[in-house]
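A quick write-up on the structure given underneath.
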Amino acid sequence: MHIAIFNNDPAELRFVTDTLMSAGYSCQTFSEVRSLLHALQHGTFDLAIFRWDADIEVVAMLAGIRHHCDTELPILVISCHLRERDVVDALNAGADDFLVQPIAAPILLARITTLLRRCGQRASAVARQQQFGEYRFDLQEGRVSWRGERIALSQKEFRVALLLFQNLGRPLSRASLIESVWRHSADVPSRTLDTHVSSVRTKLHLRAENGYVLISIYRYGYCLQAAAEGAQRSSVHSGQCGTRANGEHLAEVAAA
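Everything in the sequence shown is counted per the numbering used here, starting at 271 for the first residue and increasing by one.
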């Protein structure tokens, strides 16, 4: 399941993304309304989570999403305040549920499961196929093809590749990748992940001429970028991979 998260509070955003990714969801985060609306219009998401912010016209944003984007997209609003007016306004504007902080991780996951089920989906299910440029992922069979040709990947290589594509342009830490791919395995060496990433890069031909560049982020993890962005990886301040992640400045980026 691919979830869009609009939240400009770093601590709350970290909690939500960590909770969802540990449960097997993929997340794409946004801090600007314009980029969020563009992604919802051109991307495929199973659910969206918004933070109620007094500085942002959330009601207008919800109404705009319902009018211009996927009208069936489940939307969960999170707020730090329980005000009846805010709840009513959000639900009337198109939100499907409203949660008030603090939120326990099990409750957040349960609400998401309920929203997906209410919209006719099973939380444990995903679309059979996902397409990224010339790469097609068959999620039911655990297979990937490139330009119509099937590429042999191990189960864990497939999961690493899918996570990278589902989080295009977003830095993924080694810890989050290991947690998502080796969920029930303890003490997985970082080198094991590096080996799988290297294999994915080679087997999927992740080079600029093929549309995607997979870069390593010094002392942090990996980021898959569209080739136009990856070409600028030496100037990380201009791309998403140049942001701060968990307090670390990702200024040292080099091809692995």
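Yeah, the Cβ is synthetic: ideal placement off N, Cα and C, and Gly gets one too.
Where T462 is concerned, the enclosing alpha helix (DSSP H) starts and stops at S460 to K473. In the displayed model, D457 falls within coil according to three-state DSSP, outside both helix and strand.
Counting other Cβ atoms within 10 Å of its Cβ, T472 stays below 16 and is therefore classed as exposed.
Counting the other Cβ atoms within 10 Å of the Cβ of I348 gives 16 or more, which makes it buried.
Taking a C-beta distance under 8 angstroms as the contact criterion, R440 and C493 qualify as a contact pair.
When beta bridges are read from the DSSP output, Q400 appears opposite F407. Partner residues in the beta bridge of R420, as assigned by DSSP, are S415. By alpha-carbon distance to S450, the top candidate from T462, R461, L433 and S460 is L433.
When R284, F276, A293 and A281 are compared, the shortest CA-CA separation from W452 is found for A293. Here I448 carries a helix assignment [DSSP, helix/strand/coil]. Selection I485, P372 and Y482 evaluated against V286 yields P372 as nearest (Cα-Cα). Per DSSP, reduced to three states, the secondary structure at F315 is coil, with no helix or strand assignment. In its chain, beyond the 5 residues on either side, R406 and I421 have a beta carbon closer than 7 angstroms to the beta carbon of S415.
With respect to the 8 angstroms criterion, L307 and A274 are not classified as neighbours on the basis of their beta carbons. DSSP places D367 outside any alpha helix (DSSP H); the residue lies instead in the beta strand (DSSP E), whose first and last residues are D367 to V370. Membership of A375 in the alpha helix (DSSP H) is indicated by the continuous run A375 to R388. Per DSSP, the continuous beta strand (DSSP E) segment holding H272 begins and ends at H272 to F276.
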